[in-house]
Amino acid sequence: MKIVIDTHTHSVASGHAYSTISEIAMAARKRRLKGFVITEHGPALQGFPHVYYFGNINILPLKLHNVRLYRGVELNIMDSSGEVDLNHRYLRPLDFVMAGLHEACFLPQSESENTAALTAAIANPFVDAISHPGNPEFPVNYETVVRAAVSAGKALEINNSSFRVRKGSEANCRTIVRLAKRYGALLCCGSDAHFAADAGNFKYALELIHEEGIHADQVINSSVARFEYFSSCRKQARLGAC
Ligand SMILES: [Zn+2]
Ligand SMILES: [Zn+2]
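If you're matching positions, the sequence shown starts at 205 in our numbering and goes up one per residue.
Put into structure tokens, the structure is as follows:
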């Protein structure tokens, strides 16, 4: 299986990343990706883009340096009710809406509170996928999270950067992948690149997925058609929820 679209990248607009969108596109082309999603953080974190960034996102070209550029976001989950930090009207036109737990917006709590936050975000009709659910800073009940994702048709990310920067993620990611295989959950592989050279780097995530025998059908960014089908279904659902 190949990953052809990177569903998780950050540019200088995120405040703590170091490459432009154009540089990420060139790096994606070098790695022979078909496309990438630009997923800046939601505005609740200090230094992150103003909401005007998302209001203006349609000016971005659909193709850049011969790779497809998809418009996305990585929202912050704000509380255990699954509240996120961007108004629905900015989320409606996006191609891919991820939400994740970040310490600056949601302090790690008990396993049941963290699990409630993730399952509520999964149930949020404006959210398509959960970023880095394997983060050991936020202990969760993976059985509950994976089953919630299956019933809502949402994707769980196997985040390649987690293997390096979120120590202890590997065992959690393996648990997620095994449960995803058992229950048929959708997965996505994201680099979480904060520098262009890391865009399209799925080394550890992909090794894990291969080791556990996950079929390409379950990985939404293993083909352009799979990703675009998932994205268009989710867009329709977001429109229906307005
Ligand atoms: Zn994140
Ligand atoms: Zn990220």
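Note that beta-carbon positions come from the ideal geometry of N, C-alpha and C, so glycine has one too.
Practice problem: Could you round the C-beta distance between Glu315 and Pro343 to whole angstroms and report it? I think they count as a contact, below 8 Å. | Solution: 5 Å
Exercise. Following the continuous beta strand (DSSP E) through Ala303, name the residue where it begins and the one where it ends.
Key: 300–304
Exercise. Let me know the secondary structure DSSP gives Gly444 once reduced to three states.
Key: helix
Self-check item: Beta-carbon gap between Ile207 and Phe406 smaller than 8 Å
Solution: yes
Quiz item: Since Asn280 sits in a beta bridge, which residues does DSSP pair it with?
Solution: Gly304
Quiz item: Between the beta-carbon of Cys377 and the beta-carbon of Val423, is there less than 8 Å?
Solution: no
Practice problem: Within 10 angstroms of the Cβ of Lys358, are there 16 or more other Cβ atoms? Answer buried if so, exposed if not. | Solution: buried
Quiz item: Considering only C-alpha positions, which residue in the set Lys385, Ile413, Lys371, Ala356 is nearest to Cys437?
Solution: Ala356
Practice problem: Determine the contact status of Ser235 and Ala403, defining contact as a CB-CB distance below 8 Å. | Solution: The sequence shown places Arg at residue 235, not Ser. Closer than 8 Å, so yes.
Exercise. Can you have a look at Arg370 and say buried or exposed, based on whether 16 or more other CB atoms are within 10 angstroms of its CB?
Key: buried
Quiz item: Going by Cα to Cα distance, which pick from Asp299, Asn270, Ser226 is closest to Asp332?
Solution: Asp299
Quiz item: At a Cβ threshold of 8 Å, is Glu307 touching chain D?
Solution: Checking the listed chains, one finds no chain D in this structure; it contains a single protein chain.
Practice problem: Report whether the distance from the Cβ of Ser335 to the nearest heavy atom of ligand 1 is below 7 Å. | Solution: yes
Quiz item: Using a threshold of 7 Å, is the CB atom of His254 nearer than that to any non-hydrogen atom of ligand 1?
Solution: no
Exercise. Indicate whether the contact test is met: 3 or more Cβ pairs, each with one atom in the segment 256–274 and one in the segment 304–319, closer than 8 Å.
Key: no
Quiz item: Excluding five sequence neighbours on each side, which residues of the same chain lie with their C-beta closer than 7 Å to the C-beta of Tyr294?
Solution: Val255, Phe258, Gly259
Self-check item: Alpha-carbon to alpha-carbon, Ile242 and Met230
Solution: 13 Å
Quiz prompt | Beta-ladder partner(s) of Val241, from DSSP | solution = Tyr274
Quiz prompt | Neighbouring residues (CB closer than 5 Å to any heavy atom of ligand 2) | solution = Glu278, Asp396
Quiz item: What are the complete alpha helix (DSSP H) segments, minimum 4 residues, inside the segment 405–431?
Solution: 407–415
Quiz item: Can you list the alpha helix (DSSP H) stretches of 4 or more residues lying completely in the segment 311–336, in chain order?
Solution: 315–327
Quiz item: What do you get for Tyr421, buried or exposed, if any count of 16 or more other CB atoms within 10 angstroms of its CB means buried?
Solution: The sequence as given places Asp at residue 421; Tyr does not occur at that position. With fewer than 16 other Cβ atoms within 10 Å, it is exposed.
Quiz item: Can you tell me whether Leu443 is buried or exposed, with buried defined as 16 or more other CB within 10 angstroms of its CB?
Solution: exposed
Practice problem: Flag Gly444 as yes when its Cβ comes closer than 7 Å to any non-hydrogen atom of ligand 1, and as no otherwise. | Solution: no
Quiz item: What's the gap between the Cα of Ala327 and the Cα of Ser426?
Solution: 24 Å
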